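**Q** Under numbering that gives the first Met the number 0, the residues of the sequence shown are numbered 0 to 68, in order.
Heads up, the beta-carbon is just placed ideally off N, CA and C, and yes, glycines get one too.
All of these numbers come straight from a predicted model, not from anything done at the bench.
If you scroll down you'll find the structure; I have some questions about it.
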Amino acid sequence: MSHYTAQIQYTGEWWIGWMHEISGVNCQERTREELLESLQSALRDILEYDAQQAKRSGEDAFEVVDIAV
């Protein structure tokens, strides 16, 4: 399981949030709980999409390795 950082804020009417590490993952919901669920779902979707795109573009000409930071 990987961990990512979300920045969330209540604006008085809506909860808004976005992921620090992955651009394009941002959401808006009425409750904090709904926002966290939406961010998690959107993050999963974009990570899956990016992985599929990487596989398609490589055509077996790449190696997948883990990098620790």
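1) Taking its Cβ as the centre, do 16 or more other Cβ atoms sit within 10 Å of G23, making it buried, or is it exposed?
2) Rounded C-beta distance between L34 and W14? I'm assuming under 8 Å.
3) Do L38 and A5 have their C-beta atoms within less than 7 Å of each other?
4) Excluding the 5 residues flanking D65 on each side, which residues of the same chain have their C-beta closer than 7 Å to its C-beta?
5) Taking only runs of the beta strand (DSSP E) that begin and end inside the stretch 22-56, which ones reach a length of at least 3 residues, in chain order?
**A** Quick answer:
1) exposed
2) 4 Å
3) yes
4) Closer than 7 Å at the Cβ level, and outside the excluded window around D65, lies no residue.
5) 25-28
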